[in-house]
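Undergrad: Just so you know, the working numbering puts 517 at position 15 of the sequence shown, and the rest follows in order with no gaps.
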Amino acid sequence: MRPFRVLIVDDEPPVVQFVDRTLRGAGYETTTATDGATAIAAASADGPFDLLLTDLLMPNMTGEALAASLRRDDPDLPVLYLTGYADQLFKERQQLWANETFLDKPTSMQGLREAVSLALFGHTNGPPTA
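1. At what residue ranges does the stretch 511–583 contain a whole run of the alpha helix (DSSP H), taking only runs of 4 or more?
2. Measure the C-alpha to C-alpha separation of GLU566 and LEU558 and round it to an integer number of angstroms.
3. Run the CB neighbour count on GLY538, radius 10 Å, all protein chains shown included, and call it buried at 16 or more, exposed below.
4. Which of the three DSSP states, helix, strand or coil, is assigned to ALA632?
5. Which of the three DSSP states is assigned to PHE604 in this structure?
6. From the DSSP output, in three-state form, read off ARG615 for me.
7. Check each candidate in THR534, PRO550, ASN601 and LEU605 and name the one with the smallest Cα separation from ASP513.
8. Within a Cβ cutoff of 6 angstroms, which residues of the same chain sit near SER619, ignoring the five residues on either side of it in sequence?
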C-alpha cells in the first residue's frame, strides 16, 4: 500500500517545517510549498495528492483560492485549512464545502495528526494498515 500524499502550503517556513516533520513521522508522504504558485506547480508535476493542507491567509493567493484552483483538476481533493483566522472562512459563506475542514493554529503534533486522519479517513486513528 502506498503512503498517503499531502501537499503542505503555508507562507511561514517554520509552520511548513513543523507540519512536514509531524506528518512524515506519522507515515505520510509530503510535498511542501510556501505560496500558491509553487503549490500549483508541485501539484502539476507531482500530483495527485490525497490531501491539501493549507494556510488560509497568504500573500498573492489565499488557501481558499488555491483549493479552488487544484480542485479544477481534482474535484474531490480534501482540504484541511490550518489557520489562525478561522473566522475568515465564514466571512463570505456560512459553511465549508464538502471535503473541507479546518484546524486552528497553533496546534499540537497530536492534534495535527488527528485532523489529517479525520480529513482523509473519517476517524482519528491514522491511515488504515495493510
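For every residue, glycine included, the Cβ atom is placed at its ideal position computed from N, Cα and C.
Bear in mind the structure is a predicted one, so any value in this text is a computation, not a measurement.
TA: The relevant details are as follows:
1. Qualifying alpha helix (DSSP H) stretches, in chain order: 515–527, 538–548 and 565–573.
2. So the alpha carbons of these two residues sit roughly 6 angstroms apart.
3. buried
4. Because ALA632 sits at a pLDDT of 48, beneath the cut-off of 50, its placement in the model cannot be relied upon, and the point is left open.
5. PHE604 falls in the strand class under three-state DSSP.
6. helix
7. Nearest in C-alpha terms to ASP513, of all of THR534, PRO550, ASN601 and LEU605, is THR534.
8. Same-chain partners within the cutoff: THR626 and GLY628.
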